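In our numbering, the protein residues as written are 1 to 262.
Structure, as C-alpha cells:
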C-alpha cells in the first residue's frame, strides 16, 4: 500500500537520527515551537495554552512559541488528522528548517484516538509525517506536557543537576556610591543608553556619560555639566556616540534636574 505522504528526499536526508540528535544538543537551552491543530476537539490545545501561561512559565525551560513554522525547531501537533487539515499539516512540516523535531500530543495525535477509523479523519499524526516524541493523554496535563519536553530534550537533567563552583579568586565589583545619592538616576541613564545603542554599546555609552559626570566638582550644576558635554561632543570621533550622548543628557539628566528643582 502506498503511504499517504512520501517525504521529499532532501528532507529525509537532512532528518537522519544523527542530525536530529545533534540538533537536540544545540537547542537544549532554548527552542522555538510551532503548533498545528490537525483536527482535535481542542482539549489538548487548551492544555497547551495553559502551559504557555505565567502559572507554568515554560520560558524558564526555554519553551518559546512562534507564529511561523519557518522559525521553529519543534512542531507540536494535536488531533487525529482530518481531511481538511492534512494539507496544512504537511505544509507546516515542509516549511520548517531541517533538521526538525515533531511531537504528537494527546491520544488523538498519538494514535488517532476514538476517531481513528471515522470517515472524516486519517488516524494519528505519525500516519502522515515522522513523529519523534509522543505525549499521550486525553488530554495530557500541562505538567505532563512540560515533563515530556523536559525529558526528551534533556532539559530537566540540565536544570535539576546541582553544580558547585569553588576556587573562584575573583573579587565582587565595587558598589560605587550614587552621584545624587539616589540609584534611580543611574538606572534611568542605563535604561536610556541601552534603548539608544543596544546592550553592548549602550553599556559603553553609560560608562562614558557617568565618567563625564564624575569629572564635575558639582554634578548638580547644570551649566558646568553642560560644558563638559559640549567638550565631549567636539572631541568624540564616533558620531553615533556623540548624538546619543546629547540625547541622553537632554532626556535623562536635564529632566532629572528639573525634578530636583521642584
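A virtual CB, placed ideally from N, CA and C, is assigned to each residue, including glycine.
For clarity, every value in this text was computed on a predicted model and none was experimentally measured.
Query - Residue interval of the beta strand (DSSP E) (run including residue 104) - result: Numbered from 1 along the chain shown, position 104 holds the residue referred to as residue 104. Its beta strand (DSSP E) spans residues 101-105.
Query raised in the report: Where DSSP assigns a beta bridge to residue 76, which residues make up the other side?
Result: Counted from its first residue, the chain shown places residue 76 at position 76. Note: residue 76 sits in a beta bridge opposite 35, 103.
Report task. Within 10 angstroms of the Cβ of residue 249, are there 16 or more other Cβ atoms? Answer buried if so, exposed if not. Result -> Position 249 of the chain shown holds residue 249. It counts as buried.
**Report entry** Buried versus exposed call for residue 96 [16 or more other C-beta atoms within 10 Å across all chains shown]
**Finding:** The residue labelled residue 96 in the question sits at position 96 within the chain shown. When all chains shown are included, residue 96 counts as buried.
Query - Run of the beta strand (DSSP E) containing residue 205, from where it starts to where it stops - result: Working through the chain shown from its first residue, we reach residue 205 at position 205. Looking at the DSSP string, residue 205 is not in any beta strand (DSSP E); the run it does join, the alpha helix (DSSP H), is 183-214.
Query raised in the report: Between 66, 77, 72, which lies nearest to residue 99 when the distance is taken from Cα to Cα?
Result: What you label residue 99 is simply residue 99 of the chain shown in a count that begins at 1. Considering only alpha carbons, the answer is 72.
Query raised in the report: Can residue 80 and residue 116 be called in contact, C-beta distance under 8 Å?
Result: On the chain shown, residue 80 is found 80 positions in, with the first residue counted as 1. On the chain shown, residue 116 is found 116 positions in, with the first residue counted as 1. Their beta carbons are under 8 Å apart, which means residue 80 touches residue 116 by this criterion.
Query raised in the report: What does a CB cutoff of less than 6 Å around residue 253 pick up in its chain, not counting 5 residues either side in sequence?
Result: What you label residue 253 is simply residue 253 of the chain shown in a count that begins at 1. Around residue 253: no qualifying Cβ.
Requested in this report: Report yes if the C-beta distance between residue 145 and residue 105 is below 8 Å; otherwise report no.
Outcome: As a first step, residue 145 must be located in the chain shown, where it is residue number 145. As a first step, residue 105 must be located in the chain shown, where it is residue number 105. The answer is yes: Cβ separation under 8 Å.
Query raised in the report: Where does residue 183 land, buried or exposed, given buried means 16+ other C-beta within 10 angstroms?
Result: Looking up residue 183 in the chain shown gives position 183. Label assigned to residue 183: exposed.
Report task. Compare the C-alpha of residue 213 against each of 202, 237, 231, 93 and name the closest. Result -> Translated into the one-based positions of the chain shown, residue 213 becomes position 213. Comparing Cα-Cα distances from residue 213 to each of 202, 237, 231, 93, the minimum goes to 231.
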